[in-house]
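Read through the structure below, which is laid out as structure tokens, and then see the notes.
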Amino acid sequence: RLRHSVDEPFVLERGPLFRAELLKLAVDDHLLLLSAHHLVCDGWSWWVMVRELGALYAQQLGQGGGVDGPLCSYADYALGEAGHADSEQLREDEQYWLSRFPDQVAALDLPVDRPRPGRRSFASRREDYVLDAELVAALRKFGARRGASLFATLLAGFGAVVSRISGQRDVVVGIPAAGQSVDGHDSLVGHCVNLLPLRFDVDPAAGFSSLLDQSRENLLDAIEHQRYTFGTLLKKIDVSRDPSRLPLVSVMFNIDQALDQEREVFPGLALEFTTNPRSAENFELSINAVQAAGELRLECQYNSHLFEAATVRRWLSAYEQLLRGAVHSGDAAVSRLQLVDVAARMDLAALQPAPEPFPGERLMHEFFEQTCDR
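My numbering applies: residue 4 is where the sequence shown begins, and numbers increase by one.
Shown next, in the form of structure tokens:
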């Protein structure tokens, strides 16, 4: 049923573009499935709906006044965006983004498990991976010492591991930016998200702390200029076009707000929030970091026509190991941070044949003959 709720298409000509279904699992156990088309709902919108649904539930119990605060109109939001399209701020935004991409960026070339098709596909699966609360707390402290948020710290680590895996120094990571946060439309439900391409110069010889500083500045500047749309940027810069790839951005990273905060809005209920894995995905690799109980659940959607699940799990493990190394040795060069944990390194060592003494007195043709005899 969960899979069907994700895969069932919406009829765009008729609507509605939102579905809700309540499943009774037991007398005191229920499952609420919410599905929406991206045309009418983005990530920010989901948490608006959750909070308002909780407020209405509390009102039914006589424990609140329901939904309060000013109502936001999508028409007002659209008018605000139209006004920005002919403003000095837009010209400043454009100047910033063009300065970030003055030259062509090579396509990110992650090692694939299957041949890349001539035209890109959208088939997707998801792997979840948990970063424990102790590591998350250490990452918060590490970032705070350099004036960086948890998001900026995670982004720096993601940029580093993508660079290490691909062997490329010039890396672009997309992040979603919620338009609701710009002009006070905090309670607006709709599609207001914009993709921001953050460009990283991952110097393998530089310390991770230096990359974190770069991530912090990139993130702050990008958010300041977030209203310049990704589609507009693509028309203005020199970007290679390949039917087998997305232009400019092929990997994305996002962090969701803490789910623990939303549990409090449903009085008397024990709640657990989760997102259903999608069977289609626009990006080759997309991580959504979900905060809950001090931990981070990395929900990694990946293109299943390109990558095997085992490969993605190894990359997520490498990401964790790199973050652990950065926390303990922030000044260590990015290229020196371990991507494989101790247990995995021991397993790899066990696969190697036992060492043999080198017979230094033999001639080359004798080595050849010995090899043939084997």
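Positions of the beta carbon are idealized from the N, C-alpha and C atoms, including for glycine.
Just so we're clear, the structure is a prediction, and the values are computed from it rather than from any experiment.
Please report how far the alpha carbon of residue i lies from the alpha carbon of residue j, in whole angstroms.
i      : j      : result
ALA296 : ALA136 : 8 Å
GLN217 : PHE203 : 8 Å
SER48  : HIS87  : 22 Å
ASP352 : ARG316 : Reading off the sequence, residue 352 comes out as Ala, not Asp. In a straight line, the C-alpha of ALA352 is about 20 Å away from that of ARG316.
ASP376 : PHE370 : 10 Å
LEU157 : LEU326 : 8 Å
MET255 : ILE226 : 15 Å
GLU24  : GLN294 : 25 Å
ILE258 : ALA292 : 5 Å
HIS188 : MET349 : 53 Å
VAL51  : VAL345 : 43 Å
ARG17  : THR232 : 28 Å
LEU342 : ASN285 : 27 Å
VAL268 : GLY234 : 37 Å
ALA78  : VAL185 : 15 Å
ARG94  : ARG122 : 35 Å
ILE240 : LEU223 : 22 Å
GLU372 : GLU302 : 54 Å
ALA336 : GLY170 : 15 Å
GLU364 : THR374 : 16 Å
LEU36  : PHE276 : 10 Å
GLU97  : ASP173 : 21 Å
LEU74  : TYR60  : 19 Å
ALA151 : ALA141 : 13 Å
ALA357 : ARG119 : 38 Å
ALA58  : LEU82  : 29 Å
MET367 : LEU354 : 28 Å
TYR80  : ALA347 : 51 Å
SER90  : GLU84  : 10 Å
LEU101 : ILE290 : 26 Å
THR278 : ASP131 : 11 Å
Can you list, in chain order, the residues of its chain with a C-beta nearer than 7 Å to that of residue i? Leave out the 5 residues immediately preceding and following it.
i      : result
GLY72  : SER190
LEU34  : LEU26, LEU28
GLY68  : GLN62
ALA109 : GLN171, ASP173
Determine the closest residue to residue i out of the options, with distance taken between C-alpha atoms.
i      : options                        : result
ALA321 : LEU222, ASP173, GLY160         : GLY160
GLY271 : LEU142, ASP32, GLY187          : ASP32
ARG300 : ALA313, GLN260, ARG281         : GLN260
LEU56  : VAL196, GLU130, VAL70          : VAL70
HIS331 : ARG167, GLN62, ARG143, GLU275  : ARG143
SER127 : PRO360, ALA312, GLU364         : ALA312
PHE21  : GLU11, PRO12, HIS7, SER38      : SER38
TRP318 : ALA109, GLN355, SER247, LEU113 : LEU113
LEU274 : ALA283, PRO358, VAL53          : VAL53
ARG339 : ARG167, HIS368, SER247         : ARG167
ASP334 : GLY65, GLN92, LEU215, THR314   : LEU215
ASN221 : TYR99, ALA347, ASP89           : TYR99
Residues in the same chain with beta-carbon distance under 8 Å from residue i, minus the five sequence neighbours each way, listed in chain order, please.
i      : result
SER213 : ASP206
HIS41  : HIS194
GLU298 : VAL133, LEU134, ASP135, ALA136, VAL139
SER282 : ARG6, VAL9, ASP10, ALA126, SER127, ARG128
LEU64  : PRO270, GLY271
GLN92  : ARG230
Report buried or exposed for residue i, applying the criterion of at least 16 other Cβ atoms within 10 angstroms of its Cβ.
i      : result
LEU111 : buried
ALA155 : buried
GLY177 : buried
ALA329 : buried
ALA208 : exposed
SER139 : One detail in the question is off: residue 139 reads as Val in this sequence, not Ser. Its Cβ being crowded by 16 or more others within 10 Å, VAL139 is buried.
SER76  : exposed
PHE125 : exposed
ALA180 : buried
ASP245 : exposed
ARG6   : exposed
GLN229 : buried
VAL14  : exposed
VAL30  : exposed
ASP45  : buried
GLU359 : exposed
Am I right that residue i and residue j are in contact with their C-beta atoms under 8 Å? What's the rounded C-beta distance?
i      : j      : result
VAL175 : LEU201 : 7 Å
ARG117 : HIS308 : 6 Å
GLN107 : VAL9   : Between VAL9 and GLN107 the Cβ distance is about 36 Å, and since that is not below 8 Å, they are no contact.
ASN197 : GLY182 : 6 Å
ARG149 : ARG103 : 22 Å between Cβ atoms; not a contact.
PRO280 : ARG129 : 4 Å
GLY146 : LEU153 : 6 Å
VAL378 : PHE310 : Nothing in the structure corresponds to residue 378, since the chain is present only between 4 and 377.
LEU237 : LEU249 : Contact flag wrong, Cβ pair sits at about 10 Å.
Could you tell me whether the Cβ of residue i comes closer than 8 Å to any Cβ of chain B?
i     : result
GLU97 : Among the chains in the structure shown there is no chain B, since it carries only a single protein chain.
Who are the near neighbours of residue i in its chain, counting only those whose CB is closer than 6 Å to its CB and skipping five residues on each side?
i      : result
LEU288 : VAL254, TYR305
GLN324 : GLN341, LEU342, ASP344
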